[in-house]
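A.B. asks: This is the structure I have questions about; it appears just below.
2 protein chains.
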Amino acid sequence: MADPLRIGIAGLGTVGAAVVKVLTTKAAELTRQCGRPIEITAVSARDRARDRGLDLSAVQWFDNPVALAREAEIDVFVELIGGAEGAAREAVISALSAGSHVVTANKALLAAHGLELAEIAERQGVLLNYEAAVAGGIPVIKTLRESLAGNAPTRVFGILNGTCNYILTRMEAEGLSFDECLADAQRLGFAEADPTFDIEGNDTAHKLAILTSLAFGTRISAEDIYLEGISNITQADIRAAADLGYRIKLLGVAQRTTTGIEQRVHPTMVPTASVIAQVHGVTNAVSVETDILGELLLSGPGAGGNATASAVIGDIADIAKSRPGFQHGPVFGRPVNELTPYQQAEIQSHAGGYFIRLTVHDRIGVFAAVAKRMAENDISLESIVQRAVDGNGTDEKTIILVTHETTEFAVRKAVDGVTADGHLTAKPQVIRIERAA
Amino acid sequence: MADPLRIGIAGLGTVGAAVVKVLTTKAAELTRQCGRPIEITAVSARDRARDRGLDLSAVQWFDNPVALAREAEIDVFVELIGGAEGAAREAVISALSAGSHVVTANKALLAAHGLELAEIAERQGVLLNYEAAVAGGIPVIKTLRESLAGNAPTRVFGILNGTCNYILTRMEAEGLSFDECLADAQRLGFAEADPTFDIEGNDTAHKLAILTSLAFGTRISAEDIYLEGISNITQADIRAAADLGYRIKLLGVAQRTTTGIEQRVHPTMVPTASVIAQVHGVTNAVSVETDILGELLLSGPGAGGNATASAVIGDIADIAKSRPGFQHGPVFGRPVNELTPYQQAEIQSHAGGYFIRLTVHDRIGVFAAVAKRMAENDISLESIVQRAVDGNGTDEKTIILVTHETTEFAVRKAVDGVTADGHLTAKPQVIRIERAA
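Protein sequences appear in the order of chains A and B. According to this note's numbering, the first sequence is numbered sequentially starting from 1. According to this note's numbering, the second sequence is numbered sequentially starting from 1001.
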């Protein structure tokens, strides 16, 4: 039996406590699988006095995670502090620099500083594993980094934020408003007190930035992501989508195009009969399309203590199975100096189908004016629905258009034209349609 | 740059040719990802003269795969011959014994002799990778063996045979008979000339046997699998399933119960709204339920040259990234001598819901007699439908029952009772219902 793998864990919140619990209760089985024991030798958290239901009496305690990373006798530093800057970053840099492997669940840190950290890991010959940082317990990092070797992905997309998917699922299933569902999500602990980061798509964007780098071999570029949240999605959109055979999901999409790589996060219509449309509630899913394999879809729990702990422990076990002197492939799939610069494809050149919902005065000539604006921008229409606005005694109508493939540029120009014509009584709604099997 | 990884490939059929093509066309990218070149140095196939569209002029040719395994200067032996016995088995044993790593797509070999091979691999300190053996390009082996370390699965189930799923998908979508769909599948190359092995569930059983061992840490036991194929599924079943909110899929299911582990392959009703019900055509899918993570589902191409090649190359790349002296965890997740004996749970004790379709004489008292048989076996019914047999001028009726959770024993006893009562005009149809999210 080889020497134990010594672990230091920084951060004992929901995930950290779950990791400690699983490593303790599954110690014998993990030893069997890894060929050596995994021992927690040091921990760090803000409040030493708090009762976490864990017996940490035999473990060295550090008030400061950076001190743990620098001083503790560990083989692996597990970072579960969170945040792109401050203690998390400093501690991870310290751990890597001290020659420790690092396991982290911190997507914000990787989206902002992943390449810097990968460079240190490469130089030091240690592993930087981060399965838990994207889509929780779904093994998408390992799949992209290891299983799909030799494949060239053409598109990666997914439901990467459980809060948004929970809200959209309940809006559709129960006919509730966005605000009602958000309040429920907050009450149930699926959304933060300040939900902006989730519902405006920033969390999805961090995860997408990591997937993009792995899939396309490009340098991480989290700032170059087109972002639209779900707070303006209404029951009118959800019902119209259902009528047309679509369901609305917040997707992160990275796609190779002729001008570069699109990275976009926005509410998206996916066919109701597609696999990803059946991914409900807080569940996450990621789809990868490649030249060799075709389309692969993974779905599962995307957040929560246990699901995240599962991914963290998978990462730790991989290190335990490795032996000194071994490096299991580069952090982002290729050595940092071989990652190519990220070449952004502008959202204006995005090609795809669009759902357009217009609320207009119920007057003669309005429909003709809308049709004219579409035609003059070469937008061909797949379906057109005109109906009275529900439960509304006024002189308003709703016009719903679904376009064949066109461009963002054409759609924006057409919708600006309709707006300028003065027929709209409310802000126009535009939702992109995404192919999905 | 480390030394090249030298590969010998035995078997140059569809998969073998695809592996050679990808290794050749993606050589630069694979070198980038693995940190060393992957070089094909030897191949073996039955017919040297056949034009495969490959340039193999620089490669050593062996007519005999066993000779390749024994004599060629290789680091990795890639077995793509197929079959549980004969050349494939002998060559893999020779390769492992000679200290070569082995990559294989051969589920029959592993189902029959996996433990023997794993023991040799362990003794020799070499890797035996077999991602392509189960569900083609879906990374389910890596997920169970690596990502889910520390998780205890409670159930693994999946659509593991593309031929069956293609047939069932077309039967449902187009209202065609089993025979018509099978003939089409043969014409399109999705089914063999002798399709027995696929449609009677044997192929699914081989794959399930491997998944069971990985998931539950048990010794492979491919003979102890309950087997039912899809050849007796009719349009009447498919239409009744659809009416009741179900879709019929051939599933392989391994499940921990109080009496042991069930391994069963049979047509199964899954809820139409479940993710796995949207897995159409030749696509495969595997779902794993565990104590820590919850439910994970993977779906993707389960067969075909490229999808299988993708998995084979992922396995080769893992070896290329490793360094001499390193072993990446045991072949079946635990060392062979720590795998526990497989404790079979008998199909009679299977607990679950059942769909029962009875064709009966249209006589007074028949329905009461059927109801009595259910009641005396403590079978509680979720739904009951009685209707005339479609397009049938005779005095027949169909009775369709969906049970709440009961046991196989109770259902068989009840159906035997109904049969003994003499009301049936055709063989009764019984299809198990499987929970699926």
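All C-beta atoms, glycine included, are put in the ideal place defined by N, C-alpha and C. For clarity, every value in this text was computed on a predicted model and none was experimentally measured.
(1) Assuming L381/A contacts P428/A under a Cβ cut-off of 8 Å, what Cβ separation, rounded to an integer in Å, is found between them?
(2) Would you call the CB atoms of E1073/B and T1041/B closer than 9 Å?
(3) Under 9 Å between C-beta atoms, does D75/A make it to chain B?
(4) Just to make sure I have the definition right: I need the residues of chain B whose C-beta is within less than 8 Å of the C-beta of K397/A. Which are they?
(5) Would you please verify whether the beta carbon of D318/A is less than 9 Å from any beta carbon of chain B?
(6) Going by DSSP, what residues sit across from H1266/B in a beta bridge?
(7) Can you tell me which of F1355/B, K1413/B and D1395/B puts its alpha carbon nearest to the alpha carbon of K1372/B?
(8) Kindly list the residues whose CB is nearer than 7 Å to the CB of R70/A, restricted to its own chain and excluding five residues on each side of it in sequence; keep chain order.
(9) Which partner residues of T1290/B appear in the DSSP bridge assignment?
(10) What are the boundary residues of the beta strand (DSSP E) that P301/A is part of?
(11) Under 9 Å, do L182/A and I159/A count as touching if we go by C-beta distance?
(12) Which residues of chain A have a Cβ atom closer than 7 Å to the Cβ of N1439/B, listed in chain order?
(13) Under 8 Å by Cβ, that's how I've got R1432/B and T1268/B pegged, so tell me the actual separation to the nearest angstrom.
(14) Relative to the alpha-carbon of A1118/B, which residue among G1314/B, T1308/B, P1330/B and S1100/B has its alpha-carbon at the smallest distance?
(15) Please report the Cβ distance between I7/A and V66/A, rounded to the nearest whole angstrom; I am assuming they are in contact, meaning their Cβ atoms lie under 8 Å.
(16) Quick check: A1133/B and V1078/B, are their CB atoms within less than 9 Å of each other?
(17) Can a CB atom of chain A be found closer than 9 Å to the CB of E1172/B?
(18) Do G1252/B and E1228/B have their beta-carbon atoms positioned less than 9 Å apart in this structure?
(19) Reducing DSSP to helix, strand and coil, say where R32/A ends up.
(20) Looking at chain A, is there any beta carbon in it that lies within less than 9 Å of the beta carbon of N1165/B?
(21) Keeping to the same chain, check which residues put their C-beta closer than 7 Å to that of L1244/B; ignore five residues upstream and five downstream.
(22) Please state whether the Cβ-Cβ distance between H113/A and I319/A is less than 9 Å.
(23) Mind pulling the chain A residues with CB within less than 8 Å of I1007/B?
(24) Using Cβ-Cβ distances below 9 Å, what residues of the segment 127–161 of chain A are close to chain B?
(25) Could you confirm whether any beta carbon from chain B is found closer than 9 Å to the beta carbon of I292/A?
(26) Which term fits E376/A, buried or exposed, when burial requires 16 or more other beta carbons within 10 angstroms of its beta carbon?
(27) Would a check of beta-carbon distances place G1300/B closer than 9 Å to chain A?
(28) Starting from the C-beta of I1399/B, find all residues in its chain whose C-beta is less than 7 Å away, skip the five residues before and the five after it, and write them out in chain order.
(29) If we count the other Cβ atoms within 10 Å of its Cβ and call it buried at 16 or more, is E174/A buried or exposed?
(30) Taking the alpha carbon of A149/A as the point to measure from, which residue in V1282/B, L1296/B, A1254/B and K1026/B has its own alpha carbon closest?
(31) Taking only the alpha-carbon atoms, compute the straight-line gap between R1052/B and G353/A and give it to the nearest angstrom.
(32) So is L1117/B in contact with chain A if we call contact Cβ pairs under 9 Å?
(33) What does the Cβ neighbour count give for I276/A, buried or exposed, with the cut at 16 atoms within 10 Å?
(34) Can you pull the chain B residues whose beta carbon is under 7 Å from the beta carbon of K26/A, in chain order?
(35) Looking at the strands, I want to know which residues DSSP matches up with N129/A.
(36) Which bits of chain A does V1279/B rub up against, with CB to CB less than 8 Å?
C.D. replies: Per the coordinate set shown:
(1) For the purposes of this step, residue 381/A is taken as residue 381 along the first sequence, with counting starting at 1. For the purposes of this step, residue 428/A is taken as residue 428 along the first sequence, with counting starting at 1. Under the criterion of beta carbons closer than 8 Å, L381/A and P428/A do not qualify as touching, at roughly 15 Å.
(2) On the second sequence, residue 1073/B is found 73 positions in, with the first residue counted as 1. On the second sequence, residue 1041/B is found 41 positions in, with the first residue counted as 1. Against a cut-off of 9 Å, the Cβ pair of T1041/B and E1073/B comes out as a contact.
(3) Here the question's residue 75/A lines up with position 75 in the first sequence. Closer than 9 Å: no.
(4) Here residue 397/A is taken as the residue at index 397 of the first sequence, counted from 1. Think of a sphere of 8 Å around the beta carbon of K397/A: no beta carbon from chain B falls inside it, the nearest being about 33 Å out.
(5) Indexing the first sequence from 1 puts residue 318/A at position 318. Yes, contact with chain B.
(6) Locating residue 1266/B in the second sequence gives position 266, counting from the first residue. H1266/B pairs with L1251/B.
(7) Working through the second sequence from its first residue, we reach residue 1372/B at position 372. Selected option, being the one with the closest Cα: K1413/B.
(8) The residue given as residue 70/A occupies position 70 in the first sequence. Within the same chain, R70/A has close Cβ partners S94 and A98.
(9) In the second sequence, counting from the first residue as 1, residue 1290/B sits at position 290. Its beta-bridge partners are P1153/B.
(10) Taking the first sequence and counting its residues from 1, the one referred to as residue 301/A is at position 301. That run of the beta strand (DSSP E) goes E295 to P301.
(11) Counted from its first residue, the first sequence places residue 182/A at position 182. Counted from its first residue, the first sequence places residue 159/A at position 159. Their beta carbons are not under 9 Å apart, which means L182/A does not touch I159/A by this criterion.
(12) For residue 1439/B there is no data in the structure shown, the boundaries of chain B being 1001 and 1437.
(13) Indexing the second sequence from 1 puts residue 1432/B at position 432. Indexing the second sequence from 1 puts residue 1268/B at position 268. Correct: roughly 6 Å between the Cβ atoms.
(14) As a position in the second sequence, residue 1118/B is number 118, starting the count at 1. Nearest C-alpha to A1118/B: P1330/B.
(15) Along the first sequence, one-based indexing puts residue 7/A at 7. Along the first sequence, one-based indexing puts residue 66/A at 66. Cβ atoms of I7/A and V66/A stay farther apart than 8 Å, at about 17 Å.
(16) Within the second sequence, numbered from 1, the residue matching residue 1133/B stands at position 133. Within the second sequence, numbered from 1, the residue matching residue 1078/B stands at position 78. Between A1133/B and V1078/B, the gap from beta carbon to beta carbon reaches 9 Å or more.
(17) Translated into the one-based positions of the second sequence, residue 1172/B becomes position 172. So, not an interface residue.
(18) Position 228 of the second sequence holds residue 1228/B. Position 252 of the second sequence holds residue 1252/B. The answer is no: Cβ separation not under 9 Å.
(19) Locating residue 32/A in the first sequence gives position 32, counting from the first residue. Helix, per DSSP.
(20) Here residue 1165/B refers to the residue found at position 165 of the second sequence. Not one chain A Cβ lies under 9 Å of N1165/B.
(21) For the purposes of this step, residue 1244/B is taken as residue 244 along the second sequence, with counting starting at 1. Excluding sequence positions up to five before and after L1244/B, its CB lies within less than 7 Å of the CB of S1383 and V1402, all in the same chain and listed in chain order.
(22) On the first sequence, position 113 is the one that residue 113/A refers to. On the first sequence, position 319 is the one that residue 319/A refers to. Taking a C-beta distance under 9 Å as the contact criterion, H113/A and I319/A do not qualify as a contact pair.
(23) What you label residue 1007/B is simply residue 7 of the second sequence in a count that begins at 1. Near I1007/B there are no residues of chain A at all, since even the closest Cβ is about 13 Å away, more than 8 Å.
(24) Of all residues in the segment 127–161 of chain A, those with a C-beta nearer than 9 Å to a C-beta of chain B are E131, G136, G137, I138, P139, K142, T143, R145, E146, S147, L148, A149, G150, N151 and A152, reading in chain order.
(25) As a position in the first sequence, residue 292/A is number 292, starting the count at 1. Closer than 9 Å to the CB of I292/A there is at least one CB belonging to chain B.
(26) For this step, residue 376/A is matched to residue 376 along the first sequence. It is exposed - the Cβ of E376/A has fewer than 16 other Cβ atoms within 10 Å.
(27) The count along the second sequence starts at 1 and reaches residue 1300/B at position 300. G1300/B has a beta carbon lying within less than 9 Å of a beta carbon in chain A.
(28) As a first step, residue 1399/B must be located in the second sequence, where it is residue number 399. The beta carbon of I1399/B sits closer than 7 Å to those of L1358, V1360, F1367, V1370 and Q1386, all from its chain and outside the five residues before and after it, given in chain order.
(29) If you number the first sequence from 1, residue 174/A lands on position 174. Classification for E174/A: exposed.
(30) The residue labelled residue 149/A in the question sits at position 149 within the first sequence. Residue K1026/B holds the alpha-carbon nearest to the alpha-carbon of A149/A among V1282/B, L1296/B, A1254/B and K1026/B.
(31) The residue you call residue 1052/B lines up with position 52 of the second sequence. The residue you call residue 353/A lines up with position 353 of the first sequence. Looking at the two C-alpha atoms, the distance is approximately 41 Å.
(32) The residue labelled residue 1117/B in the question sits at position 117 within the second sequence. So, not an interface residue.
(33) Taking the first residue of the first sequence as 1, we reach residue 276/A at position 276. Burial call: buried.
(34) Counting from 1 along the first sequence, the entry for residue 26/A is found at position 26. Chain B residues near K26/A: G1150.
(35) As a position in the first sequence, residue 129/A is number 129, starting the count at 1. In the DSSP output, where bridge partners are listed per residue, N129/A has V103/A.
(36) Within the second sequence, numbered from 1, the residue matching residue 1279/B stands at position 279. In chain order, V275 make up the part of chain A whose C-beta sits under 8 Å from the C-beta of V1279/B.
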